[in-house]
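Below is one structure, written out as structure tokens; the observations come after it.
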Amino acid sequence: MTYRKKNIFNKHSITKKCAWSLILEAKQVISDANILTKSISISKLINNNLYKYSYSLEKNKIIRKNFNLDAELQNLFDLYMPIIFNGKNNPYLIAHIAQTLDGYIATKSGESKYISSPNNLEHIHMLRAISDVIIVGTNTVKLDNPMLTTRLVKGLSPMRLILDKGNVLKNNYNVFSNRDGNGYKIISDKIKNYSNNVFILPLYKNKFDLNDIISLLKKLNKKIIYIEGGGSTVSNFYNNKLLNKMHLCISPIIIGQGHSSFILPKIKSLKNIKDNKIKYFKMGEDILCDIDLSIS
Ligand SMILES: NC(=O)c1ccc[n+]([C@@H]2O[C@H](COP(=O)([O-])OP(=O)(O)OC[C@H]3O[C@@H](n4cnc5c(N)ncnc54)[C@H](OP(=O)(O)O)[C@@H]3O)[C@@H](O)[C@H]2O)c1
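All residue numbers for the sequence shown refer to our numbering, where the first residue is 636 and numbers rise by one.
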């Protein structure tokens, strides 16, 4: 006689919307408490069903749940939970960049909407929703005029922080004109005239010291920091070994010339290059490389 455990039959199958709500609930739980335990329990009532799961901070995975996950929904938990429960006391920095097969993030004229698939675009909005701050460089605002909100998914839009040392960006760019008032700049301490929503830092060799930016984020009690572009801003954080994670999305197109994803000093030899620890996620026609940089 075959015998199966009873609770297998009791488990609910859940929708993508429901899975995303359960992930956002994890973000809420970690925001509300200082997590010192080895595992954390999350529960949420959705459409009169109580969904519950426990996440092991040691094993970095779900250890108990009262619902079933298909492969697509399991990917959602695998992507976002390690970022939410990153275990760092300092701000946790993740960068995402979408590049072509030949390594560009935009055409020469700066056109980048949309290099990657709709699935990757949704992922970008999900990353925003679990972050406390989004950082971009001035060129991205000048060339793209992005909104940097979470309008494609459920979840709050975080603070938008633009590195604009010369205070040249006008307030009518979308990042600042949004009614939520959550658009900010970091400008140089040499600038004398400025309006609201500005943080001031000194320049060293005409740049902000990235550690000053991190100290500022720490003072603001911001925990998950999403560096959204462009290539030179992401590369700068990467080169200074300040990123904990990098999401590199590779889209199956070739454009010949453009803005590069990585702008880094040249290496002398391939001999001492270490392999990165990578997990791969399919996003429509794109491949997302989830690169753990905390351990390198
Ligand atoms: N495919 C993607 O995933 C993606 C994502 C985002 C953007 N993009 C595209 O990327 C292109 C722009 O990329 P980009 O590499 O040219 O520029 P960027 O990274 O957007 O901006 C670079 C500028 O930001 C400021 N900046 C960055 N780090 C700084 C620091 N430490 N201190 C002071 N200022 C700092 C500097 O501005 P100043 O020196 O001028 O003050 C610098 O020139 C656009 O075409 C955009 O569409 C693509």
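For every residue, glycine included, the Cβ atom is placed at its ideal position computed from N, Cα and C.
Keep in mind the model is a prediction, meaning the values are calculated, not measured.
Q.
Just verifying my parser: in three-state terms, what is the DSSP assignment at Q663?
A. Of the three classes helix, strand and coil, the one that applies to Q663 here is helix, per DSSP.
Q) So is R795 buried or exposed if we call it buried at 16+ other beta carbons inside 10 Å? A) A buried status is given to R795, since no fewer than 16 other beta-carbon atoms sit within 10 Å of its beta-carbon.
Q.
Considering just the uninterrupted stretch of the alpha helix (DSSP H) at N754, what are its terminal residues?
A. Where N754 is concerned, the enclosing alpha helix (DSSP H) stretches over 753-765.
Q) Between C884 and ligand 1, is the CB less than 8 Å from at least one heavy atom? A) For C884, the shortest separation between its Cβ and any heavy atom of ligand 1 lies below 8 Å.
Q) What number of angstroms, rounded off, separates the C-alpha of F916 from the C-alpha of N755? A) Spanning the two alpha carbons is a distance of roughly 10 Å.
Q: Would you list the residues sitting across from G818 in a DSSP beta bridge?
A: DSSP output for G818 lists R795 as bridge partner(s).
(Q) If contacts are defined as beta-carbon pairs under 8 Å, then N802 and Y829 qualify, I think. What distance do you get, rounded to the angstrom? (A) Rounded, the Cβ-Cβ distance is 6 Å, consistent with contact.
Q) Out of curiosity, what's the CA-to-CA distance linking F702 and I835? A) If I take the Cα positions, the gap works out to 48 Å.
Q. Quick one: what's got a C-beta closer than 7 Å to S678's C-beta in the same chain, skipping five residues either side?
A. Apart from sequence neighbours up to five positions away, the residues of its chain that approach S678 with a beta-carbon distance below 7 Å are L685, Y686, K687, ordered along the chain.
Q. Which residue from Q734, K853, T672, G919 puts its Cα closest to that of G891?
A. For the residues Q734, K853, T672, G919, the minimum Cα distance to G891 belongs to Q734.
**Q.** Buried or exposed (CB count within 10 angstroms, at least 16 for buried), G722
**A.** Exposed, by the Cβ-count rule.
(Q) Please identify the residue among D927, L736, L778, G790 whose C-alpha is closest to the C-alpha of L762. (A) If we check each option's Cα against that of L762, G790 comes out closest.
Q) Can you name the start and end residues of the beta strand (DSSP E) that D921 belongs to? A) Note, D921: beta strand (DSSP E), 921-927.
Q: Run the CB neighbour count on Y727, radius 10 Å, all protein chains shown included, and call it buried at 16 or more, exposed below.
A: Within a 10 Å sphere around the beta-carbon of Y727 sit 16 or more other beta-carbons, which makes this residue buried.
Q) With DSSP run on the structure shown, which of helix, strand or coil describes N642? A) Residue placement at N642 cannot be trusted, given a pLDDT of 48 that sits under 50; the coordinates are not used to answer.
Q | Any non-hydrogen atom of ligand 1 closer than 8 Å to N776 Cβ | A | Reading the sequence as shown, one finds Val at residue 776 and not Asn. Yes, Cβ of V776 sits closer than 8 Å to a heavy atom of ligand 1.
Q | Secondary structure of G865, DSSP reduced to three states | A | For G865, the three-state secondary structure derived from DSSP is coil.
Q: Leaving aside the five residues before and after L838 along the sequence, list all residues of the same chain whose C-beta is less than 8 Å from its C-beta, in chain order.
A: K800, S823, D824, K825, listed in sequence order.
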